[in-house]
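1 is the number of the first residue of the sequence shown in full-length UniProt numbering; add one for each residue after it.
Beta carbons: idealized from backbone N, C-alpha and C, even for Gly.
Keep in mind that this is a model prediction, so the values were computed, not measured.
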Amino acid sequence: QGHVGSCRSSSLATSSIMAGVPSSGDDTGIDKPSLLILLRHGTPVPEEEDAEKPLSDQGREEAAFTANGISEFLKQRGNSLLTKVMVIHGPKVRAKQTSEIVSEVLTKAGWDDADCSEVDGLLPEDDPKSAMTLLELAAGPIAIMVGHLPHMGFLAAKLIDQPAAAGRLKGLFHPACGLVLKRQGKGPVWDEVAEIHPNTSWWLEAPPQPQAAAPSA
């Protein structure tokens, strides 16, 4: 199995993610994430094989496949390789390993700043409000959150302001799969942009970045 980089711990991660947030709490000048990728971890080994449930070989392959797709998707939408990509995850081994693989693949694909970090608020039964608060305090245009079910489904439903959609959204989170969201303006509500499916070139099926309207004569 190939080597993957290590992620920053929770305390260090929080300060890094919030870099640039004024101490006064005024976040009006902060470049908050405008694109969010919600991912479930890859397939782990059975619990009877290892109680910590690290990624299986299949799970590692799933994570790498999805990470390559994310790289292509971001390029298609016109993002520079210099764009900061935050990859964040909770403390469970399978989520951390998935994040490390995503970070490593993006780095190898040429993304200049795609470090991964451990944060609070992304455990299976956590209140989605914690992750939502983190998003509003984060500094950087693109965020990738790696987590678990059922949390990912509830979080996605809250972010698009459709709590009743949690059941449908949970069904999208196959191993190392999930959802791409785009922020509506500067507010806390997001729109669905693309679904990350297993074993498909989902990034080719995603709608293109909207083009700015040509100025009228």
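> Do you know offhand how far D26's Cα is from S201's?
Replying inline: Low local confidence applies: a pLDDT of 48 at D26 is under 50, so the model's placement there is unreliable, with the coordinate-based value given in what follows. One C-alpha to the other measures close to 41 Å.
> If you run the structure through DSSP and keep just helix, strand and coil, what is I70?
Replying inline: In this structure, I70 counts as helix in the three-state DSSP scheme.
> What does K84 pair with, by DSSP beta-bridge criteria?
Replying inline: Residue pairing from DSSP places K84 in a beta bridge opposite D113.
>> Does T133 pass the burial test, meaning 16 or more other C-beta atoms within 10 Å, or should it be called exposed?
In response: Exposed, since its Cβ has fewer than 16 Cβ neighbours within 10 Å.
> Taking all protein chains shown into account, do 16 or more other C-beta atoms lie within 10 angstroms of the C-beta of Q97, making it buried, or fewer, making it exposed?
Replying inline: Its Cβ being crowded by 16 or more others within 10 Å, Q97 is buried.
>> Let me make sure I understand the geometry here. Which of L38, L172, E52 and V105 has the alpha-carbon closest to that of R60?
In response: Put simply, of L38, L172, E52 and V105 the residue whose alpha carbon is nearest the alpha carbon of R60 is V105.
> Over what stretch of residues does the beta strand (DSSP E) that includes V146 continue unbroken?
Replying inline: In the DSSP assignment, V146 falls within the unbroken beta strand (DSSP E) covering I142 to G147.
> Does the pairing of the segment 153-167 with the segment 41-56 give three or more beta-carbon distances under 8 Å?
Replying inline: Result no; under three Cβ-Cβ pairs closer than 8 Å.
> How far does the alpha helix (DSSP H) with E136 in it reach, from first residue to last?
Replying inline: Segment P128 to L137, the alpha helix (DSSP H) holding E136.
> Taking the C-alpha atoms as reference points, what is the distance between L123 and L82?
Replying inline: Each residue's Cα considered, the two are about 30 Å apart.
> DSSP on L36, reduced to helix/strand/coil?
Replying inline: In the structure shown, L36 sits in a strand (DSSP, three-state: E or B).
>> Considering Cα atoms alone, identify which of A131, A67 and K75 is closest to E100.
In response: Nearest to E100 by alpha-carbon distance, out of A131, A67 and K75, is A67.
> Of the residues A156, C177 and H151, which one's Cα is nearest the Cα of H41?
Replying inline: Of the listed residues, the one whose Cα sits closest to H41 is C177.
> Do A194 and V180 have their CB atoms nearer than 8 Å?
Replying inline: With contacts defined as CB atoms closer than 8 Å, A194 and V180 qualify as a contacting pair.
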